[in-house]
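All remarks here apply to the structure that follows.
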Amino acid sequence: MGPLIAVALGATGVVLFFVPALVKADTRRRRRTDPRYRPMGSFGVVDELFHPTAYSAFQEAEAEQELPAPAPSPGDLPRRRTGR
Numbered sequence: 001m002g003p004l005i006a007v008a009l010g011a012t013g014v015v016l017f018f019v020p021a022l023v024k025a026d027t028r029r030r031r032r033t034d035p036r037y038r039p040m041g042s043f044g045v046v047d048e049l050f051h052p053t054a055y056s057a058f059q060e061a062e063a064e065q066e067l068p069a070p071a072p073s074p075g076d077l078p079r080r081r082t083g084r
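All letters in the sequence shown, in the order written, are residues 1 to 84 by the UniProt record's numbering.
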């Protein structure tokens, strides 16, 4: 029973050491490859309280990304360059 407990404690120590390092490496990779990556989490609440203009700008930017392009009206002529 003693060696089993030692192995379990050792494995737990290894996991507790490597998981934060892996999460940090993944976050660093995401920031390099995806310019839109923002780990908001609870920081959105902090931004809303202490820096409301930045939070509202973030909300406006998110809303602009979610809006689709307007559909053409039925009477509009197609454009030559885009073909729409």
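All residues carry an ideal CB built from backbone N, CA and C; glycine is no exception.
By DSSP, does residue i sit in helix, in strand, or in coil?
i	result
leucine 4	helix
aspartate 34	coil
Along the chain, where does the alpha helix (DSSP H) containing residue i start, and where does it finish?
i	result
serine 73	Neither: serine 73 is in no alpha helix (DSSP H) and is coded neither H nor E.
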